[in-house]
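Numbering (UniProt numbering), first residue to last: 1 to 148.
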């Protein structure tokens, strides 16, 4: 399950922009460790847990081209809720305005090499150890379905 979990979370990170706006944020309460049934509210400024529906989890799984078992659906609903909670915390950070260039504001100037055009290696040398090639190109397995 670890590889499926890792792949799901990786693909979720790549595709969450399209559906993040559909998710509603609400306050949350959590169980205190070691005290069965005891529930305490969390401070509002610390955490807003995102509650994902089963349909939203299945939508993300579809975007990631994964099929999940019911057990994995409930597991990933919790995992994704925590991830989106951290995204919400990051969105609330007060950051300086964007636009600083590399080295700007640093006490020590950053030295970057100049971008220079250099000759590349010969095609025959690049393809020498290729497991599959077609003319002057590498052949790689298809990873996306047609129409996507």
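Glycine is no exception: its CB is placed at the ideal position from the N, C-alpha and C atoms.
It should be emphasised that the depicted structure is a prediction, and the values quoted were computed from it without experimental measurement.
With contacts defined as CB atoms closer than 8 angstroms, residue 84 and residue 50 qualify as a contacting pair. Excluding sequence positions up to five before and after residue 139, its CB lies within less than 7 angstroms of the CB of 132, 133, all in the same chain and listed in chain order. Residue 76 carries a helical assignment under DSSP once its states are collapsed to helix, strand and coil.
When the Cα atoms are used, residue 86 and residue 128 turn out to be separated by approximately 46 angstroms. Contact between residue 81 and residue 52 is confirmed by a C-beta separation of about 6 angstroms, below the 8 angstroms threshold.
Rounded to the nearest whole angstrom, the CA to CA distance from residue 69 to residue 115 is 50 angstroms. DSSP places residue 127 in no alpha helix (DSSP H); its state is neither H nor E. By alpha-carbon distance to residue 136, the top candidate from 119, 125, 142 is 125.
Closest in C-alpha terms to residue 145, from the list 118, 79, 63, comes 63.
Residue 133 is bridged by DSSP to 138. By the 16-neighbour rule on beta-carbons within 10 angstroms, residue 123 is exposed.
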